Amino acid sequence: MKRVYLTRRLPEEAGQRLAQAVELEIWPGEVPPPREELVRGLEQADGLLCLLTDQVDASLMDAAPRLKVISLCAVGYNNVDVPAATQRGILVTNTPGVLTETTADLAFALILAVARRLVEGDRFTRSGAWQAWDPGLLLGQDVHGACLGLVGLGRIGQAVARRAQGFAMEVIYASTSRKPAVEEALGVRPATLTELLARADFVSLHVPLTAATRGLIGREELARMKPTAFLINTSRGEVVDEEALYAALAARALHGAGLDVFHREPVDPGHPLLTLDNVVALPHLGSATGATRTRMAQLAVDNLLLALSGRQPPHPVNPEGWGGNPVARSGERP
Ligand code: DGY
C-alpha cells in the first residue's frame, strides 16, 4: 500500500476514500504542521496531500526520497517549488475549476461591500449610533453601470465578468494574452494595465502569484487609479505592495479596498491596513463554501490516487514531472 501524508483533515467523504486506498497519516492540528513534522512525515511517504499554507521547497523534497506526487487542495500553487519537483520527478497537481464560481462570488461580494459600505453599516447599526433615517448617512458608490477592470482573465476573472454583466457594468481587462472569444462572449474589452488602472472604478485582481506578478500593484500603479476607485484582491497578497496600499488608502488617494488575501496569513491584527474604515478584510475565504471545499478535497484525492496508481491525474501542474528524471531520484516510478 502507498503511504500518504495529509497536512489537515479533509471533509468526511474525501478523507474516508483516501484512508481506504492508502496507508494514511494525518496531521491532527488546526494550524499547519511545523517544518520538522513535515520532514518526519514525508520520510517514508509516496504522496503528500497539502494546503496552500504548507511550504514545500526543494530541501523538503530532498528529505522525502519516495515522494512521487504532491497534491494541492488549492488552485494556486505558489507555495510549492514546482521546478524543483519537476527536476526530482515529482508530479504536482492542483484543483482548478471547482472553486471558480465560489471565488467569483466572493470577489463580487467584496465589490458590493466596499462600494456600499456594508461592514461599516453593520458596525454602525450594532453600535446603537443610528438615530434616524438620514439622507447623508453612509453614502456609498453605485456598482451598477460602473467600470470594472479585471487584471487577469482566467477562469475566475471571466466568472467575475459574467456577474458584472448583470450589473450593467463596463468591463475591461488586462492580461498577458488577448482572449478574442471571451471578449466576444462576455462583451469585455482589452486594455493595457496602465489604461485599466486609470479608467476602472473597481480594479479586481485575478492573476496567479509568479515572479512576474509579485508586487504588480505598487506605488506607481496605485497612483494611476482614480481617487474614487476601489482595489479588490482575491488572488494572493504578494501581488500588491501592502505598504503602498496603506499609504494610498490612508491619504484617500484611493477610495477603498476589499482584501481577502495578505502577504502574511493570518494577517497580524495590528496590521496598519486593518486600522482603516475604508478596508474590508477577510481571512482568505475565496473558496470557503461547504460544497466547494468538498469538491476541492475530492479532486485533490482523485489527483493523488490516480498519480499514485500510475495513471495521469486530471490536473497536473507540471505534466513534465510525470515520468521525472530517473537519475535524480532513487525511487521507482509509480
Ligand atoms: C486557492 O485555491 O488557491 C485559493 O486561494 C483558496 O481556495
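For the sequence shown, position 331 matches number 331 in the working numbering, and the numbering has no gaps at all.
Where a beta carbon is used, it is the ideal one built from N, C-alpha and C, also for glycine.
Treat the numbers as computed from the prediction; the structure is a model and nothing was measured.
| Asked | Found |
| --- | --- |
| The stretch 268 to 276 touching the stretch 217 to 227, judged by at least three CB pairs closer than 8 Å | no |
| CB of HIS263 within 9 Å of CB of ALA107, strictly | no |
| CB contact flag (LEU259, ILE217, <9 Å) | no |
| Exposure label - PRO313; buried when at least 16 CB within 10 Å | buried |
| Cβ neighbour criterion (16 or more within 10 Å) applied to HIS144 | exposed |
| Residue nearest to THR86 in terms of C-alpha spacing, selected from PRO180, ALA191, ALA58, PRO227 | ALA58 |
| Rounded straight-line distance, which links the Cα of GLU120 to that of ARG126 | 10 Å |
| Cα-Cα separation between GLU243 and ARG293, rounded to whole angstroms | 32 Å |
| Proximal residues to ALA45 (C-beta, below 8 Å), its chain only, five neighbours per side dropped | ARG3, VAL4, TYR5, GLU25, ALA64, ARG66, LEU67 |
| Close-in-space but distant-in-sequence residues of the same chain around ARG214 (CB under 6 Å, 5 per side omitted) | GLU238 |
| Distance between ARG252 and ASN278 (C-alpha atoms, nearest Å) | 9 Å |
| For ALA297 and LEU10, believed in contact at Cβ under 8 Å, the rounded distance | 4 Å |
| LEU296 CB to nearest heavy atom of ligand 1 below 8 Å | The sequence as given places Met at residue 296; Leu does not occur at that position. Correct: MET296 has its Cβ closer than 8 Å to ligand 1. |
| Selection from CYS50, THR210, VAL69, PRO190 that minimises the alpha carbon distance to PRO316 | VAL69 |
| Secondary structure, beta strand (DSSP E): runs of 3+ residues fully inside the stretch 17 to 95 | 23 to 26, 47 to 50, 69 to 72, 91 to 93 |
| Inter-stretch contact at 8 Å, needing at least 3 Cβ pairs: the stretch 88 to 105 / the stretch 156 to 167 | yes |
| DSSP state of VAL327 mapped onto helix, strand, coil | Low confidence applies to VAL327: its pLDDT is 33, below 50, so where it sits in the model is not reliable, and the reading given next is rough at best. Here VAL327 sits in coil by DSSP. |
| Residues bridged to ASN278 (per DSSP) | According to DSSP, which records beta bridges pairwise, ASN278 is partnered with nothing at all. |
| In DSSP terms, what TYR173 is bridged to | LEU150, PRO190 |
| Coil, strand or helix - LEU108 by DSSP | Note on identity: in this sequence residue 108 is Phe, with Leu being the wrong assignment. Three-state DSSP puts PHE108 in a helix. |
| Contact shell at 6 Å, judged by CB to any heavy atom of ligand 1, ordered along the chain | LEU52, ALA74, VAL75, GLY76, LEU99, GLY286, SER287 |
| Any 3 or more C-beta pairs closer than 8 Å across the stretch 163 to 172 and the stretch 180 to 199 | yes |
| For ARG3, three-class secondary structure by DSSP | strand |
| Own chain residues within Cβ distance below 8 Å of PRO33, not counting five before or after | THR7, TRP27, GLY41, ASP54 |
| LEU216 in three-state terms, based on DSSP | coil |
| With 16 other Cβ atoms within 10 Å as the buried cut-off, status of GLY166 | exposed |
| Residue span of the beta strand (DSSP E) that contains PHE202, given as start and end | 202 to 205 |
| Those residues which DSSP pairs with ASN233 across a bridge | LEU205, LEU259 |
| Simplified DSSP state of GLY15, which is helix, strand or coil | helix |
| Distance CB(GLN131)-CB(THR228) smaller than 9 Å | no |
| Beta-carbon spacing of SER287, VAL75 below 9 Å | yes |
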